[in-house]
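Student:
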Amino acid sequence: MNRISLKSSHIYIEHDIVTSIFGNIHYAYVTFIKEQKNLLITPVDSQWFVKIYKPTQFLLKSRNLKGDKTLAIREILIDNDLSMLDRNLDFTIIKKTNLIKISLK
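In my numbering, each residue's number is its place in the sequence shown (first place is 1) plus 24.
What follows is the structure, given as structure tokens:
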């Protein structure tokens, strides 16, 4: 598995990324940027993110004992007419602001 992938309309994030970005936070702010088809994910303690975007809060669900987590994004995929095919996703991590930018092209 790639470090971030789409599987059954869920974003799967491997434990090392979860630990470095979210620490002990179990909720994420998520917003979709239509023009670039990018999904932006950050911990709920990111106050700057709320001021810039109008994010939705999602629960990071545990998937295994290693600490991998998932976000259910079916609604985002449907609302934006995006492919639901399972696949590895290209992503960028901006550590300074604890932001994960995922391409859903």
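The C-beta atom is built at its ideal place from N, Cα and C for all residues, glycine as well.
Computed from a predicted model, the values in this text were never measured in an experiment.
Give me the Cα-Cα distance between Tyr51 and Phe82, rounded to the nearest whole angstrom.
Tutor: In the sequence shown, counting from the first residue as 1, residue 51 sits at position 27. In the sequence shown, counting from the first residue as 1, residue 82 sits at position 58. Take the alpha-carbon of Tyr51 and the one of Phe82: they are about 6 Å apart.
Student: Below 6 Å CB to CB, which residues in the same chain sit around Ile117 once its five sequence neighbours on both sides are set aside?
Tutor: Working through the sequence shown from its first residue, we reach residue 117 at position 93. Hits under 6 Å: Ile124.
Student: If we ignore side chains and look at the alpha-carbon of each, how far apart do Lys130 and Ile49 end up?
Tutor: Nothing about residue 130 can be read from this structure; the chain reaches only from 25 to 129.
Student: Using C-beta distances below 7 Å, list every residue in its chain close to Asn104, excluding the 5 sequence neighbours before and after it, in chain order.
Tutor: Residue 104 sits at position 80 when you count from the first residue of the sequence shown. Phe56 and Lys58.
Student: Name the one or two DSSP bridge partners that Gln81 has.
Tutor: Here residue 81 corresponds to residue number 57 of the sequence shown, with the count starting at 1. In DSSP, Gln81 forms a bridge with Tyr53.
Student: For Ile65, I'd like the list of residues in its chain whose CB is within less than 6 Å of its CB, leaving aside the five on either flank, ordered along the chain.
Tutor: Reading the sequence shown from its first residue, position 41 is the one you call residue 65. So the list reads Ala52, Val54 and Ile124, once near-sequence residues are dropped.
Student: Determine the closest residue to Phe73 out of Asn122, Ile102 and Asn88, with distance taken between C-alpha atoms.
Tutor: Indexing the sequence shown from 1 puts residue 73 at position 49. When each option's Cα is compared against that of Phe73, the closest is Asn122.
Student: Does the beta-carbon distance from Arg27 to Ile41 come in below 7 Å?
Tutor: As a first step, residue 27 is located in the sequence shown; it is residue number 3 there, counting from the start. As a first step, residue 41 is located in the sequence shown; it is residue number 17 there, counting from the start. For Arg27 and Ile41, yes; Cβs fall inside 7 Å.
Student: When we look at the beta-carbon of Leu30 and count the other beta-carbons within 10 Å, is it buried (16 or more) or exposed?
Tutor: For the purposes of this step, residue 30 is taken as the residue at position 6 of the sequence shown. Buried.
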